[in-house]
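A short write-up of the structure that comes next.
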Amino acid sequence: EQLGTPDRQCKVVGISSLMRHLLSEAVTIPAEYDENGRDGALMTLIGHEIKRLPVLPLSLPLPEHASLGAKCRAFLASPTPHETIDDWCDHLGMSRRSFTRLFRKETGSSFVEWRQQACILAALPRLAAGQAITTIALDLGYDNPAAFSNMFRRILGTSPRDYRTADR
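Just so we're aligned: the sequence shown equals residues 1 to 168 in the UniProt record's numbering.
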């Protein structure tokens, strides 16, 4: 309440070093804590810091259309980078025109934009785990790390290397 009306829209935010440490400490707080004590102050500080975190332009809506939604979930579970839009059309038994119309209607983005967002979401935990950028780029279907880095920078405004450095 004292921090204002909560924003009901789900967002992905960049986590600062301070927030990482605050969250690390917060998981040790019991469900019932003294709001006027140290634990309450920590939770209040987290509330204030959340408002300062940068919102990352990441969202990945999943289609409600049964077979298209299943195909998208399968891609997220195990990215198949070498499948083309035509492969997806064939798999779903659709013309390219019907597929692109349905995909945009269901997700709000083009197939290419959606796949790039999916690749970013797949790459972030791997970068945080310290995996090589070249390995990630090739696994996600990019011909070289530079192409992956350019896409990453265009969407997130920073290179994979800088993202990983900022994550530590």
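Cβ atoms here follow ideal geometry from the backbone N, Cα and C, with glycine treated the same way.
Alpha helix (DSSP H) segment containing Pro-54, residue limits: The residue you call residue 54 lines up with position 54 of the sequence shown. Segment: none, Pro-54 is in no alpha helix (DSSP H) and carries neither H nor E.
Should Leu-127 go down as buried or exposed, given a rule of 16 or more other Cβ atoms within 10 Å for buried? To locate residue 127, count along the sequence shown from 1; it is residue 127. So Leu-127 ends up on the buried side.
Closest Cα partner of Val-12 within the set Glu-32, Ile-50 and Asn-144: Here residue 12 corresponds to residue number 12 of the sequence shown, with the count starting at 1. Among Glu-32, Ile-50 and Asn-144, the Cα nearest to that of Val-12 is on Ile-50.
Report the residue ranges of all alpha helix (DSSP H) runs contained in full by the region 42-106; include only those spanning at least 4 residues, in chain order. 66-77 and 85-92
I'd like to know if the region 88-104 and the region 135-143 are in contact, where contact means that at least 3 CB-CB pairs between them fall below 8 Å. no
Are the Cβ atoms of Met-19 and Leu-53 separated by less than 8 Å? Stepping through the sequence shown from its first residue, residue 19 is reached at position 19. Stepping through the sequence shown from its first residue, residue 53 is reached at position 53. It is a contact, given that the beta carbons lie within the stated cut-off.
Between Leu-140 and Arg-38, what straight-line distance do the alpha-carbon atoms span, to the nearest angstrom? Here the question's residue 140 lines up with position 140 in the sequence shown. Here the question's residue 38 lines up with position 38 in the sequence shown. Rounded to whole angstroms, Leu-140 to Arg-38 spans 45 Å at the Cα level.
Closest by CA to Thr-80, which one among Phe-152, Tyr-142 and Met-151? Locating residue 80 in the sequence shown gives position 80, where the first residue counts as 1. When only C-alpha atoms are compared, the closest one is Tyr-142.
Using alpha carbons as the reference points, say which of Gln-131, Pro-160 and Trp-114 lies closest to Gly-69. Position 69 of the sequence shown holds residue 69. The closest CA to that of Gly-69, considering only Gln-131, Pro-160 and Trp-114, is found on Trp-114.
State the Cα-Cα distance for the pair Ile-15 and Leu-22, rounded to the nearest angstrom. As a working mapping, residue 15 is identified with position 15 in the sequence shown. As a working mapping, residue 22 is identified with position 22 in the sequence shown. For Ile-15 and Leu-22, the distance between alpha carbons rounds to 11 Å.
Using a 10 Å radius around the Cβ and a threshold of 16 neighbouring Cβ atoms, would you call Leu-156 buried or exposed? The residue you call residue 156 lines up with position 156 of the sequence shown. Looking at its Cβ environment, which holds 16 or more other Cβ atoms inside 10 Å, Leu-156 is buried.
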